[in-house]
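K.L.:
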Amino acid sequence: MMPLIDIGANLTHESFRADFDAVLARARDAGVERIVVTGASAAGSRAALALARAHPDYLHATAGVHPHHAIDYDDATDALLRELVAAPEVVAVGETGLDYHRNHSPHAAQVEAFERQLAIAADCGKPLFLHQRDAHADFLSCIDRWRARIGRAVVHCFTGERDELLACLDRDLHIGITGWICDERRGAHLRDLVGLIPADRLMIETDAPYLLPRDLVPKPSHRRNEPMYLAHVCAAVAAARGEPVEVTAATTRATAHAFFGLG
Ligand SMILES: [Zn+2]
Numbered sequence: 011m012m013p014l015i016d017i018g019a020n021l022t023h024e025s026f027r028a029d030f031d032a033v034l035a036r037a038r039d040a041g042v043e044r045i046v047v048t049g050a051s052a053a054g055s056r057a058a059l060a061l062a063r064a065h066p067d068y069l070h071a072t073a074g075v076h077p078h079h080a081i082d083y084d085d086a087t088d089a090l091l092r093e094l095v096a097a098p099e100v101v102a103v104g105e106t107g108l109d110y111h112r113n114h115s116p117h118a119a120q121v122e123a124f125e126r127q128l129a130i131a132a133d134c135g136k137p138l139f140l141h142q143r144d145a146h147a148d149f150l151s152c153i154d155r156w157r158a159r160i161g162r163a164v165v166h167c168f169t170g171e172r173d174e175l176l177a178c179l180d181r182d183l184h185i186g187i188t189g190w191i192c193d194e195r196r197g198a199h200l201r202d203l204v205g206l207i208p209a210d211r212l213m214i215e216t217d218a219p220y221l222l223p224r225d226l227v228p229k230p231s232h233r234r235n236e237p238m239y240l241a242h243v244c245a246a247v248a249a250a251r252g253e254p255v256e257v258t259a260a261t262t263r264a265t266a267h268a269f270f271g272l273g
């Protein structure tokens with residue numbers, strides 16, 4: 011069994027409420043050694059920390075506000091995030107960033123919430139868990155304004171093109187790859203790109219319950235993704251990089267340990 015680390019799973023999602031322990035048991039059986047639970051809102055970040063505290067040495071948490079919820083980001087949110095990131099179970103600031111694909115919040119609100127969370131990372135010294143969709147130019151502007159003050163940062167669920175990947179690597183950002191790479195319609199380009207990512211910058215994630223790999227055989231009857239499918243993502247990344255899956259498993263694990271400072 012190859013130990014793997016899922017750096018992004020939305021385990022506070024309501025779809026996991028009924029069978030949470032079984033989901034964790036299946037993940038362990040599939041070799042998932044640690045899971046970083048994504049915090050994507052004020053309430054969600056609080057819940058992620060509670061999960062991490064209930065499952066020490068298995069679950070870790072991030073604390074942040076997703077760009078979809080940027081319109082709700084106020085001084086109370088900022089104070090709460092600053093309190094949460096002080097907890098040892100919280101290993102990163104985020105999910106934060108920009109999403110101009112769905113535009114659930116206006117661009118100006120997204121940029122402001124993003125910059126306030128970049129400031130939190132600069133102040134607390136923890137790594138950043140970043141989201142970017144259809145907002146590459148503005149995202150890079152924010153990163154460039156803060157790069158000297160922040161430390162490690164991962165662009166989670168990277169789905170962009172070659173120039174976007176190179177721009178991220180130029181800025182010394184880490185890259186998270188999900189089962190998007192298994193999608194023959196919209197993820198095929200990633201198979202040509204993942205080989206460009208140095209092993210010490212590459213990590214893998216499921217983004218569960220979203221992004222169920224499209225090429226799973228047999229297809230589960232439900233559409234819910236789970237951390238147990240991380241080995242499937244790892245195999246797809248290994249095939250695209252042209253390396254043995256054991257190598258991808260070991261290097262992404264080592265990179266995640268170093269990135270998040272896991273014990
Ligand atoms: Zn995201």
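Per our numbering, the very first residue in the sequence shown carries number 11; after that it's consecutive. Note that CB positions come from ideal geometry on N, CA and C, so glycine has one too.
#1: Are the CB atoms of L176 and A163 within a distance shorter than 7 Å?
#2: With DSSP as the reference, label V101 as helix, strand or coil.
#3: With 16 other CB atoms within 10 Å as the buried threshold, where does S231 fall?
#4: Is the beta carbon of H242 closer than 7 Å to that of P223?
#5: In the DSSP assignment, find the alpha helix (DSSP H) that holds I45 and state where it starts and stops.
#6: What is the DSSP secondary structure of D193, counted as helix, strand or coil?
#7: Taking only runs that begin and end inside the region 193-269, name each unbroken alpha helix (DSSP H) of 4 or more residues, in chain order.
#8: Compare the Cα-Cα distances from G74 to each of I15, R38, A52, N20 and report the closest residue.
#9: Sort A28, H65, L59 by Cα distance to E43 and report the nearest one.
#10: Based on DSSP bridge pairs, tell me the residues matched to L108.
#11: Tell me the DSSP secondary structure of G18 in three-state form.
#12: Would you tell me roughly how many angstroms separate the C-alpha atoms of A129 and G273, rounded to the nearest one?
#13: Would you report the Cα separation of E194 and D225, rounded to the nearest angstrom?
#14: Looking at the structure shown, is G135 part of a helix, part of a strand, or coil, going by DSSP?
#15: According to DSSP, simplified to helix, strand and coil, what is L69?
#16: Starting from the Cα of V204, find the closest Cα among P219, T216, I185, R36 and give me that residue.
#17: Give me the Cβ distance between L240 and L14, rounded to the nearest whole Å; I'm assuming they're in contact under 8 Å.
P.N.:
Straight from the coordinates:
#1: In the sequence shown, counting from the first residue as 1, residue 163 sits at position 153. In the sequence shown, counting from the first residue as 1, residue 176 sits at position 166. Not closer than 7 Å, so no.
#2: Sequence index remark: in the sequence shown, residue 101 carries index 91 (1-based). The answer is strand: DSSP assigns V101 an E or B state.
#3: Taking the sequence shown and counting its residues from 1, the one referred to as residue 231 is at position 221. Exposed.
#4: One-based indexing of the sequence shown puts residue 223 at position 213. One-based indexing of the sequence shown puts residue 242 at position 232. Cβ atoms of P223 and H242: closer than 7 Å.
#5: On the sequence shown, residue 45 is found 35 positions in, with the first residue counted as 1. Note, I45: premise wrong, no alpha helix (DSSP H); beta strand (DSSP E) at 42-47.
#6: As a first step, residue 193 must be located in the sequence shown, where it is residue number 183. D193 falls in the coil class under three-state DSSP.
#7: 198-203, 240-251
#8: The sequence position of residue 74 within the sequence shown is 64, counting from 1. The shortest Cα separation from G74 among I15, R38, A52, N20 belongs to A52.
#9: Here residue 43 corresponds to residue number 33 of the sequence shown, with the count starting at 1. Answer by Cα proximity: H65.
#10: Taking the first residue of the sequence shown as position 1, residue 108 is located at position 98. Its beta-bridge partners are Q142.
#11: On the sequence shown, residue 18 is found 8 positions in, with the first residue counted as 1. Three-state result, G18: strand.
#12: On the sequence shown, residue 129 is found 119 positions in, with the first residue counted as 1. On the sequence shown, residue 273 is found 263 positions in, with the first residue counted as 1. Their Cα atoms are separated by approximately 26 Å.
#13: To locate residue 194, count along the sequence shown from 1; it is residue 184. To locate residue 225, count along the sequence shown from 1; it is residue 215. Using only the alpha carbons, I get a separation of about 8 Å.
#14: Here residue 135 refers to the residue found at position 125 of the sequence shown. Three-state DSSP puts G135 in coil, outside helix and strand.
#15: In the sequence shown, the residue the question calls residue 69 occupies position 59. In this structure, L69 counts as strand in the three-state DSSP scheme.
#16: Locating residue 204 in the sequence shown gives position 194, counting from the first residue. The residue from P219, T216, I185, R36 with its alpha-carbon nearest to that of V204 is I185.
#17: Looking up residue 240 in the sequence shown gives position 230. Looking up residue 14 in the sequence shown gives position 4. Confirmed, Cβ separation roughly 5 Å.
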